[in-house]
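The structure appears below as C-alpha cells.
Here you go:
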C-alpha cells in the first residue's frame, strides 16, 4: 500500500469534521446516483472565514475521505482561500491524470490525484467539494461558477439558514 492509499484510508476511517453541527448558514444534500454516495453538508462563515464545515457522508471510501479532506483543508480559511483550494482540487480531479495537484494548496487532497484517471470515481471524490460550493452559494457566498458534474444531483429539501 502506498502513502496516498493510506491517507485515503485514514480519512475514511477517521473523517475530519464529520457530524452535523450548529450553527450553520446553509445546508445542502448531494447524491451521486451512479454509485449511491450521499453527503449532507453544512457551512458556517464568520467575518469572511469558513468557521465550520460539518457533514454526514455515506458511501465509498473515496467520497467520504475526500469530504474529510475538504473539512480539514478549508475550515479556518478565508472565503478567497477556500475558493482557491476548491478550484485546485477540481482542476486536479478533472485533469485525467495530467495535474498532480499542489500539496501546498490542497494538502492531503493530492492523495486523490490517481482518481483523476477513473471518470466514475472522479464524481465520488468531488461530491463533497461540489456540495461545499453549493452550500456556500446558498449562504450567499458563491465560491465557484462551474456547474456540477453530470450524474450528481442536489436533493436539498430546504435551504433555510439555521
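Numbering (our numbering), first residue to last: 33 to 194. Using N, Cα and C, we set each Cβ at its ideal position, and we do this for glycine too.
- Under the three-state reduction of DSSP output, residue 96 falls in the helix class.
- Short of 8 Å from the beta carbon of residue 138, and not among the five residues preceding or following it, lie these beta carbons of its own chain, in chain order: 101, 105, 117, 120, 121 and 124.
- Looking only at 85, 93 and 113, the smallest Cα-Cα distance to residue 67 is reached by 93.
- DSSP places residue 169 in the helix class (H, G or I) of the three-state scheme.
- Residue environment for residue 110: exposed (fewer than 16 other C-beta atoms within 10 angstroms of its C-beta).
- Here the region 46–63 lies against the region 159–178, with 3 or more beta-carbon pairs under 8 Å apart.
- Collapsing the DSSP output to three states places residue 87 in a strand.
- In the structure shown, residue 112 falls within a helical segment according to DSSP collapsed to helix, strand and coil.
- The three-state reading of DSSP puts residue 140 in helix, counting H, G and I together.
- Beta-bridge annotation (DSSP): residue 104 is not paired with any residue.
- Each residue's CA atom was taken as its position, placing residue 98 and residue 52 some 17 Å apart.
- Between residue 129 and residue 148, the C-beta spacing is below 7 Å.
- The beta carbon of residue 103 lies closer than 6 Å to those of 48, 49 and 85 in the same chain, with the five residues before and after it left out.
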